[in-house]
Amino acid sequence: MKNNKLLIGPGTVVTFGKENKILQSSGILVEDDEIKEIGEWKELEEKNKSAMMLDADGRVIMPGLINAHTHLYNSFARWISMPGEDSNNLQNIPDKLQSKLERALQVEDCYLSAVVPIIQGLKKGVTTYIDHHCSPFYRDTTPLGCLDEVGQAVIDLGVRACLCCEVSDRDGEMITLSEISENERFIEMTRSGHGGGRLSSMIGLHSQFTCSDETLEAVRQLDSYEKAGIHVHCAETLSDVEDARSRGFEGAVARLAEFNLLTEKTILANCVHLTEKEIELISNSSSAVVYQNAVGAADIIKLMKKEITVGVGTDEISPNLLGDFKTSAGLQHHKKKYSHAGLSEPIKLLTEGNPAIASRYFEKPVGMIEAGSYADIAVMDYYPPTHLAKESFDEHLLSELLNSDAMHTICHGKVIIKDKKLKGNFDEEALSELAKEHAEDLRQRII
């Protein structure tokens, strides 16, 4: 009979969640895809002698990290620079790198541009992605099937992801309808068990300013929209807000609210430019906001005071969630003009917000070390040089832990990274070279 128990420890367990307990000399018992028990190491070891062992050797053990808003395909854009118009105005994007990149993505590009950053993320302890995909001409004249490629990368590497296909009016009515259909198709697939519990799906919208009233209404009329949720860029730049105001609304959030697109399953990415009324709309709807450094400093302190669930992502220019994280605190210092502002709040985005958001889209809790949660765990190669307690966790995270690699990474109860090496039949060097070739081909198609 196959042994389906895994015992991880000993180490300092950081649970995340609202309590974010710090447990010294502890371990975690995993059975199948979930966490069964957390406790004192010697006791767990004595009770589970037949379990497979994964040695943490006194390191920090914490939940697998969640990237709550990303574009995995952006990994192909890291070194492509394009001459063009003002990058501060998102409405110029059709003439700039982003939309040219999206329009040029083809079948293998979608897979490879996901595989490479997922591997890099696993080495930093990232196990869950909420991805916002866009490849309107994935198969010459249609995006239909594009989520299969991203989903296959997720399946092959053993991670967890909630995927969507970006809908907009930028490429004509037929593409818009196909993008809506792609979301519906993949939602049905994941609800039918595709991905074995590691895949879920939402409806993606590029933004309110690239969607007509007719498109927003078509999304609202979908049978799946409330259960699956909406993932949309919102109030990222002033041009987005100005567009909504030109249509007679107070801002981007207000226009989405008019179409009843704010629900508990809605993710509003960015939200840099909000009015007080719009903050109330978000709070009352229980929609979530996801913040990332790439586009500016949302007022996360104000949002959290309104009991809005706020998470953090990277936009996938970098796959290293923790590496980007220190900037979040610095931006809040700058925004509030106070050096102690934003010390604890960004930490809560990571430890409370992201788990709360991701758990809305999967059957079991995600991103917390507690009995009954999915067994997504990162053993970080970090030995605390001073006592690690709840009161000192923020300082440990912001000073050194965020620079650490994962020694071991586990997702859905399976060890994916062991001793800093990717398990399985992946040839990382060959994959990297193949990705470079495809990225260069893509660059030649868009310059």
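For the sequence shown, this note's numbering begins at 70 and goes up steadily by one.
Even for Gly, the Cβ is constructed at its ideal location relative to N, Cα and C.
Have a look at residue i and residue j and give me their C-alpha separation to the nearest angstrom.
i: K87; j: V435; result: 13 Å
i: V176; j: R147; result: 19 Å
i: I486; j: I187; result: 12 Å
i: G382; j: L418; result: 10 Å
i: D496; j: C480; result: 20 Å
i: Y360; j: Y443; result: 24 Å
i: L166; j: E106; result: 48 Å
i: G422; j: E112; result: 32 Å
i: C203; j: C234; result: 6 Å
i: Q277; j: A313; result: 8 Å
i: N143; j: S119; result: 44 Å
i: S20; j: F462; result: No answer is possible for residue 20: it lies beyond the span of the chain, which begins at 70 and ends at 516.
i: E502; j: V484; result: 25 Å
i: A45; j: S308; result: It is not possible to answer for residue 45, since the shown part of the chain is limited to 70 through 516.
i: L76; j: A440; result: 14 Å
i: M256; j: A323; result: According to the sequence as given, residue 256 is Ile; it is not Met. When rounded, the distance between both Cα atoms is 27 Å.
i: P79; j: H477; result: 13 Å
i: S237; j: S387; result: 25 Å
i: K459; j: Q93; result: 11 Å
i: E319; j: K346; result: 8 Å
i: D164; j: G108; result: Any answer about D164 is weak, because its pLDDT of 46 lies below 50 and its placement is not dependable; what the coordinates show is given next. In a straight line, the C-alpha of D164 is about 56 Å away from that of G108.
i: S281; j: V288; result: 11 Å
i: K433; j: A427; result: 10 Å
i: D510; j: P212; result: 20 Å
i: I81; j: L466; result: The sequence given here places Thr at residue 81; Ile does not occur at that position. When rounded, the distance between both Cα atoms is 13 Å.
i: P454; j: T396; result: 23 Å
i: I97; j: I104; result: 7 Å
i: S269; j: S95; result: 32 Å
i: E154; j: L343; result: No answer about E154 holds up, because its pLDDT of 49 lies below 50 and its placement is not dependable.
i: I515; j: V310; result: 29 Å
Judging by CA-CA distance, which residue of the options is the nearest neighbour of residue i?
i: N389; options: K192, R314, L75 and T245; result: K192
i: L475; options: V99, E432, P132 and F394; result: Residue identity differs from the one stated: residue 475 is Ala in this sequence, not Leu. Checking every option, the nearest Cα to that of A475 belongs to P132.
i: D292; options: Y207, S250 and L134; result: S250
i: M121; options: E100, R128 and L141; result: E100
i: L134; options: T378, A326 and F394; result: F394
i: E376; options: L350, D384 and I224; result: L350
i: K74; options: D102, Q93 and S95; result: D102
i: N493; options: G220, L226, V185 and V364; result: Correcting the residue type first, residue 493 is Gly in the shown sequence and not Asn. It is L226.
i: L181; options: K334, G220, L213 and Q290; result: G220
i: L330; options: I369, S352 and E286; result: E286
i: G127; options: S473, K490, I348 and V448; result: V448
i: G214; options: A230, R254, R267 and K296; result: R254
i: N353; options: G190, L325, E333 and S247; result: E333
i: T284; options: M243, G262 and T306; result: M243
On the DSSP bridge list, what partners appear for residue i?
i: A108; result: Inspection of the sequence shows that residue 108 is occupied by Gly rather than by Ala. Bridge partners of G108: G96.
i: I135; result: T197
i: M373; result: DSSP, once it has assigned bridges, lists no residue as partnering M373.
i: M121; result: L75
i: K483; result: C480
i: K490; result: K487
Query raised in the report: In chain order, which continuous runs of the alpha helix (DSSP H) of length 4 or greater are located wholly inside the stretch 155-230?
Result: 166-173, 176-191 and 215-226
Requested in this report: Report the residue ranges of all alpha helix (DSSP H) runs contained in full by the stretch 282-351; include only those spanning at least 4 residues, in chain order.
Outcome: 282-289, 294-297, 307-315 and 321-327
Query raised in the report: In the stretch 432-479, which residue ranges form an unbroken beta strand (DSSP E) of at least 3 residues, counting only runs that do not cross its ends?
Result: 446-449
**Report entry** Inter-stretch contact at 8 Å, needing at least 3 Cβ pairs: the stretch 323-343 / the stretch 295-302
**Finding:** yes
Query raised in the report: Does the stretch 168-184 come close enough to the stretch 195-209 to have 3 or more Cβ pairs within less than 8 Å?
Result: yes
Query raised in the report: Which parts of the stretch 239-290 are runs of the beta strand (DSSP E), unbroken and 3 residues or longer, counting only runs that do not cross its ends?
Result: 268-270 and 272-276
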